[in-house]
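Heads up, the thing below is written out as structure tokens.
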Amino acid sequence: MSSWQSAYQSINELDAYKDNALGLFALALKFGLEDLPSVAADCVTDGSDDKKLDIVYLNQEEKYAVIAQCYFSS
């Protein structure tokens with residue numbers, strides 16, 4: 000198993016985000032985010048009327064946005 004998979008599976012706080020968990024993990028790795036539950040509360044848009052956008056993360060200080068559609072298949 001690769002090191003990122005081991006790291007991903009060791010973070011239990013992501014379990015609640017199901018299909019979006021891997022997207023949140025990638026977002027945290029790329030941008031050095033630490034408090035994933037707080038980040039998820041602000042950026043996870045998954046729901047019945049989400050228009051196929053699962054994560055919308057805006058960083059106004061550094062002026063970038065991340066828009067993601069997440070799918071995870073076992």
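Under numbering that gives the first Met the number 0, think of the first position of the sequence shown as 0, with each following residue one higher.
We treat Cβ as the ideally placed atom computed from N, Cα and C, and that holds for glycine.
Keep in mind that this is a model prediction, so the values were computed, not measured.
Residue i versus residue j: straight-line alpha-carbon distance, rounded
i: K62; j: W3; result: 27 Å
i: I54; j: A39; result: 8 Å
Nonlocal neighbours in the same chain, by C-beta distance under 8 Å from residue i, ignoring five residues either side
i: F71; result: K17, D18, A20 and L21
Residue i, DSSP secondary structure in three states
i: L57; result: strand
i: Y70; result: coil
Endpoints, the alpha helix (DSSP H) within which residue i is located
i: Y7; result: S2 to S9
i: K29; result: A20 to F30
Same chain, Cβ closer than 6 Å to residue i, neighbours up to 5 away in sequence not counted
i: K51; result: Q68
Boundaries (first-last residue) of the beta strand (DSSP E) holding residue i
i: V43; result: Taken as a continuous stretch (DSSP letters only), V43 belongs to no beta strand (DSSP E), as it is neither H nor E.
Same chain only: Cβ atoms within 7 Å of residue i, ignoring 5 sequence neighbours per side
i: L13; result: A20, L23, F24 and L35
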